[in-house]
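This report concerns only the one structure given below.
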Amino acid sequence: MRSKIVAGNWKMNTLPKEGVELARGINEFFSKEKLDSNVKIVIGVPYTHIDACVKEVDFRKIFVAAQNC
Numbered sequence: 076m077r078s079k080i081v082a083g084n085w086k087m088n089t090l091p092k093e094g095v096e097l098a099r100g101i102n103e104f105f106s107k108e109k110l111d112s113n114v115k116i117v118i119g120v121p122y123t124h125i126d127a128c129v130k131e132v133d134f135r136k137i138f139v140a141a142q143n144c
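Letter by letter, the sequence shown follows residues 76 to 144 in the numbering used here.
Rendered as structure tokens:
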């Protein structure tokens, strides 16, 4: 069966601190939810936030992608 991907990004519309808070909130939400193993969650963070956001998510549930524009 093909995986389903749920992805979102915030188009450079946050400061780094706000981006980290958003990543943390997404991580907390999905840490409480039981996900189907065929569903992949991806957050596309601004490249200026990637280092800090990567530290906030559980890679077993959430993938991090970078935006550059």
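All C-beta atoms in this analysis are idealised placements derived from N, C-alpha and C, irrespective of residue type, glycine included.
Residue i (DSSP reduced to helix, strand or coil)
i	result
N113	coil
F134	coil
Counterpart residues of residue i in DSSP-defined beta bridges
i	result
N84	G119
K79	V114
V139	I118
C-beta contact flag for residue i and residue j at 8 Å
i	j	result
A140	V117	yes
D133	N102	yes
P121	M87	yes
Residues of its chain near residue i, where Cβ-Cβ distance is below 7 Å and the 5 sequence neighbours each way are ignored
i	result
A82	V117, G119
Nonlocal neighbours in the same chain, by C-beta distance under 6 Å from residue i, ignoring five residues either side
i	result
I125	A141
V129	V139
Residue environment, residue i, which counts as buried when at least 16 other CB atoms sit within 10 Å
i	result
G94	buried
I137	buried
L90	exposed
E108	exposed
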